[in-house]
Amino acid sequence: MVRYYIKRTVQLLVTIVTVVSLSFFLIRFLPGGPADALRAELLQNNPGMSQAQINRRVEARLNIAPDDPLLVQYTDYLINLSQGDMGTSTTQGAPVTEILASAIPWTIFVMATAVGVAFVIGISAGALMAYKEGSRFDSTATVAAIVTNSVPDYIYGILLLWILGFQLGLFPLGGRYSGAVEPTINLLTPMQTVGFLGDALRHAALLITSVVIFVWGGWALGMRGNSIQILGEDYLRVARLRGLSERRIALRYVGRNAVLPMYTAMLITVGFLFGGSVILEQIFSYPGVGYYMIEGLHRRDYPLMMGVFIVITITVAIGVYIADLTYGWIDPRASADGGSD
Amino acid sequence: MSQKTNHDEIVDALDDEDSAFGAVADDTLSKRERYVRALDRNIVAPARIVWDDLRARVGLAIIGIYLFMGTVGPKLIDPPRTGDGPRLEGAFETWAHPLGTDSLGRDILASIVHATPNMLLMILAGGIFTTVMATVVGTTSGYLRGRVDQFIMMVTDVVMTIPGLPLVVILAAALSPENPIVIGVILTINAWAGLARSIRSQVLAVRENSYVEAAKAMGMPTRTVIRREILPNIMPYVLVNFVNASRNVIFASVGLYFIGVLPYDTIVNWGVMIDLAYQGGALQTTAAAHWLLAPLITVMLLSFGLIMFAQGTDRMFNPRVRARHSSSGTAEEPDEETNSTPATGGALK
Numbered sequence: 001m002v003r004y005y006i007k008r009t010v011q012l013l014v015t016i017v018t019v020v021s022l023s024f025f026l027i028r029f030l031p032g033g034p035a036d037a038l039r040a041e042l043l044q045n046n047p048g049m050s051q052a053q054i055n056r057r058v059e060a061r062l063n064i065a066p067d068d069p070l071l072v073q074y075t076d077y078l079i080n081l082s083q084g085d086m087g088t089s090t091t092q093g094a095p096v097t098e099i100l101a102s103a104i105p106w107t108i109f110v111m112a113t114a115v116g117v118a119f120v121i122g123i124s125a126g127a128l129m130a131y132k133e134g135s136r137f138d139s140t141a142t143v144a145a146i147v148t149n150s151v152p153d154y155i156y157g158i159l160l161l162w163i164l165g166f167q168l169g170l171f172p173l174g175g176r177y178s179g180a181v182e183p184t185i186n187l188l189t190p191m192q193t194v195g196f197l198g199d200a201l202r203h204a205a206l207l208i209t210s211v212v213i214f215v216w217g218g219w220a221l222g223m224r225g226n227s228i229q230i231l232g233e234d235y236l237r238v239a240r241l242r243g244l245s246e247r248r249i250a251l252r253y254v255g256r257n258a259v260l261p262m263y264t265a266m267l268i269t270v271g272f273l274f275g276g277s278v279i280l281e282q283i284f285s286y287p288g289v290g291y292y293m294i295e296g297l298h299r300r301d302y303p304l305m306m307g308v309f310i311v312i313t314i315t316v317a318i319g320v321y322i323a324d325l326t327y328g329w330i331d332p333r334a335s336a337d338g339g340s341d
Numbered sequence: 001m002s003q004k005t006n007h008d009e010i011v012d013a014l015d016d017e018d019s020a021f022g023a024v025a026d027d028t029l030s031k032r033e034r035y036v037r038a039l040d041r042n043i044v045a046p047a048r049i050v051w052d053d054l055r056a057r058v059g060l061a062i063i064g065i066y067l068f069m070g071t072v073g074p075k076l077i078d079p080p081r082t083g084d085g086p087r088l089e090g091a092f093e094t095w096a097h098p099l100g101t102d103s104l105g106r107d108i109l110a111s112i113v114h115a116t117p118n119m120l121l122m123i124l125a126g127g128i129f130t131t132v133m134a135t136v137v138g139t140t141s142g143y144l145r146g147r148v149d150q151f152i153m154m155v156t157d158v159v160m161t162i163p164g165l166p167l168v169v170i171l172a173a174a175l176s177p178e179n180p181i182v183i184g185v186i187l188t189i190n191a192w193a194g195l196a197r198s199i200r201s202q203v204l205a206v207r208e209n210s211y212v213e214a215a216k217a218m219g220m221p222t223r224t225v226i227r228r229e230i231l232p233n234i235m236p237y238v239l240v241n242f243v244n245a246s247r248n249v250i251f252a253s254v255g256l257y258f259i260g261v262l263p264y265d266t267i268v269n270w271g272v273m274i275d276l277a278y279q280g281g282a283l284q285t286t287a288a289a290h291w292l293l294a295p296l297i298t299v300m301l302l303s304f305g306l307i308m309f310a311q312g313t314d315r316m317f318n319p320r321v322r323a324r325h326s327s328s329g330t331a332e333e334p335d336e337e338t339n340s341t342p343a344t345g346g347a348l349k
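For the protein sequence lines, the chains are A and B, in the order given.
Take the first sequence: its position 285, counted from the start at 1, is 285 in the UniProt record's numbering, and no numbers get skipped.
Take the second sequence: its position 322, counted from the start at 1, is 322 in the UniProt record's numbering, and no numbers get skipped.
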C-alpha cells in the first residue's frame, strides 16, 4: 500500500512537470506559436523598435527571456511559477494569478453544485431503475438517460439560454451576479447574504442545469448496472432472511456497494467537467476560469491562457490524486487487492 | 465417390491404430476456404447480430444518411454562396431553400451538406488515431508486462489525467490547424489513454488462456502471437470504442469551432454555423431560429445515431448471443442478458 502511495505521488509530480514543460515549450518553440505571434504583432505595430526592445517586451508579457540560455529560461519559468507568478495579463492589466484567484471560486461553485445535483438525481434514479428492473419506469428512464447523455452539454446550454434566457426572459444572460447586488457573504447580515447567494445561483442556474442534464444519465446507468448485480448476491438474501428492514438493506447493503466502485470514475468526470467549463462558460459569458482561457486566446493574451491551462490541469491532477488515495480508505475492498491497478 | 469412402476408411483405420498424436487432418483448407471462414466469423456473424438489434439498425441507418451526405451530397447540392436567396428565409417555406437561408442569404441545407465531408474526415482521423494508438499501447503493455508495462502505464496515467479540452485549446492556439485530418488527431490527442488502459486489462485476461501459451510454446514471435491470438479477442471492444471516440471528436470539434478556437474562413463545420448564428443574433429573434436549430439538430442526430449503434453492437461481446448466431437457430432472447451487459460497460471506464 505504501508503495502505491509513493507511485501515485511520483506520478502526480510527473504530471505537473509535464504540464508545465508543455506550456513552456509551446510558448517558446512552436513556429507561429505565441512568442512568434507576439513578436510579429509588436513589429507590425512599432516598426521603429529594435530587436532588443521587442525581446524585452516579449519577456515582460510572456515571462520568457528569449536571449537567455534555454536551461536558464526553463528554471526561471519554473521558479516564477512556483512563486505563483504567471506573468501579467496583457488585456486585463492585472497579474494572471490575481485574475485566476478571483475566477476559480466561481467555477468551483458552479461545477460543485452541478455535480452534487447530478449525483443525487443520477444515483437515486439508477437505484430506482434497478429495483424496478424491467418495469415501464425502468425502460423509459434508461432511454431517457441514454438520449440525454448522447448530446453534449453545450448544446443544452445554447438551447436553455435561447429559450429560458432570451425568449422567455426568466434567467439573466450572463455574468456572475447582478450589478445591483452587493457581493456579501457575512453571517451578521443574513438577509443580504441570502439575497446575494440567490442572485448568484440564478445567474449560474442555466449552466448548472445543462451540466446536470448531460451527466445524470451516465451515473444513473452505472448505478443501475451495479445495483442489479448486487441485488442478485447471496449476502443480500441472507440479510433478508435475517429480517433486516428493507430500508436498511437498500441503503447499507445495496446502495453503498453500488456507489463505491463509481467513486473514482465520478471524480475523473468532475475533472473533465472542470475542463469542459471552457465551452460552457463562454456560452453563458460566465467569468470563471474557462471563460478567461478563451478570452486569453481570442485576444492573444497568452500568459492568461497558459495560466488557466496550468491551473486547470494541476487542479484536476490533484483531484484525481486525492480520489485515488482516499479510495482504499472509503472502499476497503480496493485495498484488499492492493489497489495497484 | 467410392474412392473417397475408401480413403476415409483408411484414415479411420490409421486413427484407430495409432495414438491420437499420429492423426493428421484428413483435408487441409484451401486459402480461399480459410478466408471465407474468417470472413464469416469476423464479419458476417457479428453483422447479423448487429442487424438483429433494433437500436443498431436505427444507428446504422442514421450513420448511413450522414455518409451519403458526406460523399455524394456535395455533388448533388451546389456549395452555399452569399446571396443564394433572400436573407433569413425561414425553413420549409420554399423548395429552393428547404431549410431556409442565413443572414447572408446562404442556403442552410447546402452549408450543412458541404460541412459534412470535412466532419467525416475529422471523425475518421480522430477515431483511427485513438483506437490504433490505444490498441498498440494497450496490447504491448498488457502482453509484455514487467518494467515496460510499468513505464507505459505511468505515461498513460499522466496523459489520462490531463483534461482534454484545455489541452486541445492551447494546441489549437499554437498550431492553428486547418486540415481536418490534423484537427481530428489534435482533438483526440489524449483520448487514447483511457482506452489503452482498458484494452490492457482485457489483454491481461486474454493472455492467460492456454492457446496463447501454446502459441508461445510453439515459438511464435511475440508480434505474431499478439496479432493472431490476442487482437481478434479484443476487436469488438475496440470497434465499440471507435464509435465512442468518433462521438467525442464531433462534440469537441463542433464545440471548439463554436467558441472560435479553431480557425476558419468559410463554413467547414456545423460548429461554425452555430457560431455564426449565435453571433448573428439567432438567440434574440425567432426569425433566425432555424439558422441555429439546423446545425444543432444535425449534431444531435448524428450523435444519437452513433450511440444507438454502439449500444447495439455492445451485444457482440456476449458470447451466448454470438454462439446462437453462428449456428443459425433463432431462439428467444432470455431477458437477463440484455439487461446486464450494456449499462455498466458504457458508463464506467
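We treat Cβ as the ideally placed atom computed from N, Cα and C, and that holds for glycine.
This one's a predicted model, so the numbers in the text were calculated from it and none came from an experiment.
Go through its chain and collect everything with a Cβ distance to A:GLU41's Cβ below 8 Å, but skip five positions before and after it. Taking the first residue of the first sequence as position 1, residue 41 of chain A is located at position 41. Within the same chain, A:GLU41 has close Cβ partners ARG300.
- Item | Where the stretch 252-271 of chain B meets chain A: residues whose CB sits under 8 Å from a CB there | Under the 8 Å Cβ criterion, the stretch 252-271 of chain B contributes VAL254, GLY255, LEU256, PHE258, ILE259, GLY260, VAL261.
Rounded to whole angstroms, how far is the Cβ of B:ILE170 from the Cβ of A:MET86, which I believe are closer than 8 Å? To locate residue 170 of chain B, count along the second sequence from 1; it is residue 170. To locate residue 86 of chain A, count along the first sequence from 1; it is residue 86. The pair is not a contact, with the Cβ atoms about 14 Å apart (cut-off 8 Å).
Requested in this report: Can you tell me which of the three DSSP states B:THR224 falls into?
Outcome: On the second sequence, position 224 is the one that residue 224 of chain B refers to. B:THR224 falls in the helix class under three-state DSSP.
Inspect the CB distances between the stretch 153-163 of chain A and the stretch 268-282 of chain A and report whether three or more fall short of 8 Å. yes
(message) Is there a Cβ of chain A sitting closer than 8 Å to that of B:GLY146, yes or no?
(response) For the purposes of this step, residue 146 of chain B is identified with residue 146 of the second sequence, where counting begins at 1. For B:GLY146, the answer is no, since every Cβ of chain A falls outside 8 Å of its Cβ.
Simplified DSSP assignment, three categories, for A:ASP331:
In the first sequence, residue 331 of chain A corresponds to position 331, counting from 1. Residue state, collapsed to three classes: coil.
Review point. Residues of chain B with CB under 8 Å from A:VAL110, in chain order?
Key: The residue labelled residue 110 of chain A in the question sits at position 110 within the first sequence. The premise fails here: A:VAL110 is roughly 16 Å from chain B at the closest Cβ pair, so nothing lies under 8 Å.
Listed from N- to C-terminal order along the chain, which residues in the stretch 149-165 of chain B have their beta-carbon within a distance smaller than 7 Å of any beta-carbon of chain A? Listed in chain order, the positions of the stretch 149-165 of chain B with a beta carbon within less than 7 Å of a beta carbon of chain A are MET154, ASP157, VAL158, THR161, ILE162, PRO163, GLY164, LEU165.
| request: State the beta-bridge partners of B:ASP275 as determined by DSSP. | output: As a working note, residue 275 of chain B is residue 275 in the second sequence. According to DSSP, B:ASP275 bridges with nothing at all.
By the 10 Å Cβ neighbour count, where 16 or more other Cβ atoms means buried, how is A:GLY217 classified, buried or exposed? Locating residue 217 of chain A in the first sequence gives position 217, counting from the first residue. Under this definition A:GLY217 is a buried residue.
B:PRO334 (DSSP reduced to helix, strand or coil)
Taking the first residue of the second sequence as position 1, residue 334 of chain B is located at position 334. Caution is warranted here: a pLDDT of 40 is assigned to B:PRO334, below 50, making its placement in the model unreliable, and the coordinate value is therefore given only provisionally. Reduced to three states, the DSSP call for B:PRO334 is coil.
Tell me which residues of the stretch 280-299 of chain A have at least one Cβ-Cβ distance to chain B shorter than 7 Å, keeping chain order. GLN282, MET293, ILE294, LEU297, HIS298
Same chain only: Cβ atoms within 8 Å of B:MET160, ignoring 5 sequence neighbours per side: Taking the first residue of the second sequence as 1, we reach residue 160 of chain B at position 160. Around B:MET160: ASN190, ALA193, GLY194, ARG197.
Check whether the Cβ atoms of A:LEU201 and A:ALA130 lie closer than 8 Å to each other.
Numbered from its first residue, the first sequence carries residue 201 of chain A at position 201. Numbered from its first residue, the first sequence carries residue 130 of chain A at position 130. No, the Cβ-Cβ distance between A:LEU201 and A:ALA130 is not below 8 Å.
query: Going along the stretch 152-178 of chain A in order, which residues come within less than 8 Å of chain B, judged by CB to CB distance?
result: PRO152, TYR154, ILE155, ILE158, LEU159, LEU161, TRP162, GLY165, PHE166, GLN167
Q. Counting contacts by CB-CB distance shorter than 8 Å, is B:GLY329 in contact with chain A?
A. Mapped onto the second sequence, residue 329 of chain B falls at position 329. Annotation note: pLDDT 37 at B:GLY329 (below 50); position unreliable, no value reported.
*If you count every other CB in all the chains shown that lies within 10 Å of the CB of A:GLY225, and 16 or more means buried, which is it?*
Counted from its first residue, the first sequence places residue 225 of chain A at position 225. So A:GLY225 counts as buried.
Task: 8 Å Cβ cutoff met for B:ILE259 and A:ILE294 - done: The count along the second sequence starts at 1 and reaches residue 259 of chain B at position 259. The count along the first sequence starts at 1 and reaches residue 294 of chain A at position 294. Contact: yes.
Self-check item: Proximity of A:MET262 and A:GLY222 at Cβ, strictly below 8 Å
Solution: Locating residue 262 of chain A in the first sequence gives position 262, where the first residue counts as 1. Locating residue 222 of chain A in the first sequence gives position 222, where the first residue counts as 1. Cβ atoms of A:MET262 and A:GLY222: closer than 8 Å.
* Taking the DSSP output, what are the residues bridged to B:THR101? -> Taking the first residue of the second sequence as position 1, residue 101 of chain B is located at position 101. B:THR101 pairs with B:ASP107.
message = Does any residue of chain A have a CB that is nearer than 8 Å to the CB of B:MET300?
response = Numbered from its first residue, the second sequence carries residue 300 of chain B at position 300. B:MET300 counts as touching chain A.
Review point. Just the Cα atoms here: how many angstroms apart are B:PRO79 and B:GLY100?
Key: Position 79 of the second sequence, counted from the start, is the residue given in the question as residue 79 of chain B. Position 100 of the second sequence, counted from the start, is the residue given in the question as residue 100 of chain B. Approximately 15 Å between the Cα atoms of the pair.
Output yes if chain B places a C-beta closer than 8 Å to the C-beta of A:SER340; else output no. Mapped onto the first sequence, residue 340 of chain A falls at position 340. With a pLDDT of 43 at A:SER340, under the threshold of 50, the modelled position of that residue is not reliable, and no figure is offered here.
Contact list for B:LEU296 against chain A, beta-carbon separation under 8 Å: What you label residue 296 of chain B is simply residue 296 of the second sequence in a count that begins at 1. Chain A residues near B:LEU296: ILE155, ILE158, LEU159.
- Task: Identify whether A:THR88 lies in helix, strand or coil by the three-state DSSP scheme.
- Result: On the first sequence, residue 88 of chain A is found 88 positions in, with the first residue counted as 1. Of the three classes helix, strand and coil, the one that applies to A:THR88 here is strand, per DSSP.
Checklist entry - Can you find a CB in chain D that lies within less than 8 Å of the CB of A:MET1? => result In summary, chain D is missing from the structure at hand, where the protein chains are A and B.
Looking at the C-beta of B:ALA173, does it have a partner C-beta in chain A at a distance below 8 Å? For the purposes of this step, residue 173 of chain B is taken as the residue at position 173 of the second sequence. Chain A, which has a Cβ nearer than 8 Å to the Cβ of B:ALA173, makes this yes.
Simplified DSSP assignment, three categories, for A:PRO152:
Taking the first sequence and counting its residues from 1, one reaches residue 152 of chain A at position 152. DSSP places A:PRO152 in coil when its eight states are reduced to three.
A:GLY255 versus A:LYS132 - alpha carbon distance: If you number the first sequence from 1, residue 255 of chain A lands on position 255. If you number the first sequence from 1, residue 132 of chain A lands on position 132. Near 15 Å, if we compare the C-alpha coordinates of A:LYS132 and A:GLY255.
Are B:GLY59 and B:GLY281 close, meaning C-beta to C-beta below 8 Å? Along the second sequence, read from residue 1 onward, the residue named residue 59 of chain B stands at position 59. Along the second sequence, read from residue 1 onward, the residue named residue 281 of chain B stands at position 281. In this structure, B:GLY281 does not lie closer than 8 Å to B:GLY59 by Cβ.
| Proximal residues of chain A, C-beta to C-beta of B:GLN202 below 7 Å | In the second sequence, residue 202 of chain B corresponds to position 202, counting from 1. In chain order: nothing, as chain A lies at least about 13 Å away.
inquiry  = Here's the rule I'm using: 16 or more other beta-carbon atoms within 10 Å means buried, otherwise exposed. How should A:SER27 be labelled?
reply    = The residue labelled residue 27 of chain A in the question sits at position 27 within the first sequence. Per the sequence shown, the amino acid found at residue 27 of chain A is Ile instead of Ser. It counts as buried.
Less than 8 Å between CB atoms is the rule here; does A:SER21 satisfy it with respect to chain B?
For the purposes of this step, residue 21 of chain A is taken as residue 21 along the first sequence, with counting starting at 1. Not an interface residue.
Go through its chain and collect everything with a Cβ distance to residue 356 of chain B's Cβ below 6 Å, but skip five positions before and after it.
It is not possible to answer for residue 356 of chain B, since the shown part of chain B is limited to 1 through 349.
Q. Near A:VAL114, what residues of its chain come up, given a Cβ to Cβ distance below 6 Å and the 5 sequence neighbours on each side ignored?
A. Taking the first sequence and counting its residues from 1, one reaches residue 114 of chain A at position 114. Residue identity check: residue 114 of chain A is Ala in the sequence provided, not Val. If the five residues before and after A:ALA114 are omitted, its C-beta is found closer than 6 Å to the C-beta atoms of ILE208, VAL211, VAL212, all from its own chain and listed in chain order.
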